[in-house]
Ligand SMILES: [Ca+2]
Ligand SMILES: [Ca+2]
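Residue numbers (the working numbering): 52 to 328.
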């Protein structure tokens with residue numbers, strides 16, 4: 052579909068594969084029916100050094116091929132044994148897509164030994180210069196049962212990546228500070244958004260609010276009274292990925308129930324707190 056595009060980031064250290072996908076799309080949709088007709092990301096990857104002639108069949112053991120699927124709240128593996136790999140928000144997988152909204156961010160990480168253990172494959176160890184078979188596929192659905200099509204990387208794909216790795220693209224293991232993969236990208240991975248319960252609660256007159264940001268960006272943390280009137284802006288600035296905390300001193304406020312609300316471009320949550328003087 053012409054309105055969709057995907058920026059895919061992959062990184063690896065000695066033990067973990069990291070992925071982040073920045074999806075631009077007019078309408079995010081997941082629902083019933085075949086997963087490949089939803090808004091879903093499919094990552095085909097061979098975890099071994101693949102040189103020489105193209106290959107028609109899938110292999111396991113020392114040269115294993117994997118297919119990872121990321122659809123809505125769930126991610127799983129196919130090729131060899133099928134296995135669930137996580138749920139969005141579990142610290143390893145995150146999908147910000149909401150039905151009816153545009154765009155999505157998908158983040159994922161997995162240990163190479165955990166992935167290998169599913170089929171008893173050799174554990175991959177990345178070495179600079181390795182040539183890795185890879186083929187990402189974005190399936191675009193724009194709602195109302197409308198599967199729009201797939202975006203693929205390889206010009207040979209022709210919707211055959213799922214049955215023949217000879218159609219896949221490839222990439223190379225490079226330096227951490229290369230043009231495509233940067234150390235910054237590693238920090239993007241598998242962070243999640245949260246707004247924790249303030250403490251203490253009830254409080255008098257100060258309380259601490261902790262929140263975490265899965266994607267760096269403009270962030271607001273506001274306090275409202277029971278009538279919805281803004282009481283104070285605790286945060287209204289660009290915040291980096293990670294955990295943050297802020298202390299509210301309600302010294303000059305009357306006792307009562309207040310609400311605090313975290314707003315980012317992809318996450319909004321409100322919690323209640325009680326000031327008791
Ligand atoms: Ca679309
Ligand atoms: Ca879509």
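The beta carbon of each residue, even a glycine, is placed where N, CA and C say it ideally should be.
Legend entry - Near ligand 2: residue 121 beta-carbon under 7 angstroms from a heavy atom: Checking the Cβ of residue 121 against ligand 2 gives no.
Inset, instruction - Provide the residue(s) that pair with residue 127 in DSSP beta bridges, ordered along the chain. - result: Paired residues: 120 and 135.
Legend entry - Simplified DSSP state of residue 79, which is helix, strand or coil: Looking at residue 79 - three-state DSSP - the assignment turns out to be coil, as it is neither helix nor strand.
Inset, instruction - Have a look at 208, 209, 190 and 185 and flag the residue whose alpha-carbon is nearest the alpha-carbon of residue 222. - result: The residue with the shortest Cα to Cα distance from residue 222 is 185.
Inset, instruction - Following the continuous alpha helix (DSSP H) through residue 168, name the residue where it begins and the one where it ends. - result: Its alpha helix (DSSP H) spans residues 163–170.
Legend entry - Inter-stretch contact at 8 angstroms, needing at least 3 Cβ pairs: the segment 62–72 / the segment 82–90: The segment 62–72 makes no contact with the segment 82–90: fewer than 3 CB pairs, one atom from each, lie closer than 8 angstroms.
Inset, instruction - Could you tell me the distance, in whole angstroms, from the CA atom of residue 166 to the CA atom of residue 216? - result: Rounded to whole angstroms, residue 166 to residue 216 spans 19 angstroms at the Cα level.
Inset, instruction - Please state if the CB of residue 274 and the CB of residue 282 are separated by a distance shorter than 8 angstroms. - result: In contact: residue 282 and residue 274 (Cβ atoms closer than 8 angstroms).
Legend entry - Closest Cα partner of residue 214 within the set 61, 102, 143 and 129: Of the candidates 61, 102, 143 and 129, the one whose C-alpha sits nearest the C-alpha of residue 214 is 129.
Legend entry - Segment limits, beta strand (DSSP E) that includes residue 259: Here the beta strand (DSSP E) through residue 259 covers 257–264.
Inset, instruction - Taking the CB atoms as reference points, tell me whether residue 311 and residue 326 lie closer together than 8 angstroms. - result: In this structure, residue 311 keeps its C-beta atom at 8 angstroms or more from the C-beta atom of residue 326.
Inset, instruction - Give the straight-line distance between the Cα atoms of residue 299 and residue 267, rounded to the nearest whole angstrom. - result: C-alpha separation (whole angstroms): 23 angstroms.
Inset, instruction - Within the same chain, show all residues whose beta-carbon is closer than 6 angstroms to that of residue 136, passing over the 5 residues directly before and after it, in chain order. - result: Closer than 6 angstroms at the Cβ level, and outside the excluded window around residue 136, lie 126, 127 and 128.
Legend entry - Cα-Cα separation between residue 323 and residue 272, rounded to whole angstroms: Looking at the backbone, the Cα of residue 323 and that of residue 272 are separated by about 13 angstroms.
Inset, instruction - Taking only the alpha-carbon atoms, compute the straight-line gap between residue 183 and residue 64 and give it to the nearest angstrom. - result: The straight-line gap from Cα to Cα measures roughly 15 angstroms.
Legend entry - For residue 216, the three-state DSSP class (helix, strand or coil): Residue state, collapsed to three classes: helix.
Legend entry - Check whether residue 113 and residue 173 have beta carbons under 8 angstroms apart: In this structure, the beta-carbon distance from residue 113 to residue 173 falls below 8 angstroms.
Legend entry - Rounded straight-line distance, which links the Cα of residue 84 to that of residue 252: Annotation: residue 252 to residue 84 spans about 45 angstroms, alpha carbon to alpha carbon.
Inset, instruction - Output the distance between the C-alpha atoms of residue 55 and residue 289, rounded to the nearest integer angstrom. - result: Approximately 27 angstroms, taken between the alpha carbons.
Inset, instruction - Taking the CB atoms as reference points, tell me whether residue 77 and residue 164 lie closer together than 8 angstroms. - result: Their beta carbons are not under 8 angstroms apart, which means residue 77 does not touch residue 164 by this criterion.
Legend entry - Beta-ladder partner(s) of residue 293, from DSSP: 264, per the DSSP bridge assignment.
Inset, instruction - Assuming residue 73 contacts residue 202 (C-beta within less than 8 angstroms), just tell me the rounded distance between them. - result: Wrong, their Cβ atoms sit about 13 angstroms apart, outside the cutoff.
Inset, instruction - Check residue 207 in the structure and name its three-state DSSP category. - result: Coil.
Legend entry - Spatial distance of residue 258 from residue 168 (CA atoms): Residue 258 and residue 168 have their C-alpha atoms spaced approximately 46 angstroms apart.
Legend entry - Proximity below 8 angstroms, CB of residue 176 to CB of residue 224: Contact flag unset, no.
Inset, instruction - Report buried or exposed for residue 278, applying the criterion of at least 16 other Cβ atoms within 10 angstroms of its Cβ. - result: The residue in question, residue 278, is exposed, as its Cβ has fewer than 16 Cβ neighbours within 10 Å.
Legend entry - residue 248 versus residue 305 - alpha carbon distance: So the two alpha carbons sit approximately 20 angstroms from each other.
Legend entry - DSSP three-state assignment for residue 248, whether helix, strand or coil: Looking at residue 248 - three-state DSSP - the assignment turns out to be coil, as it is neither helix nor strand.
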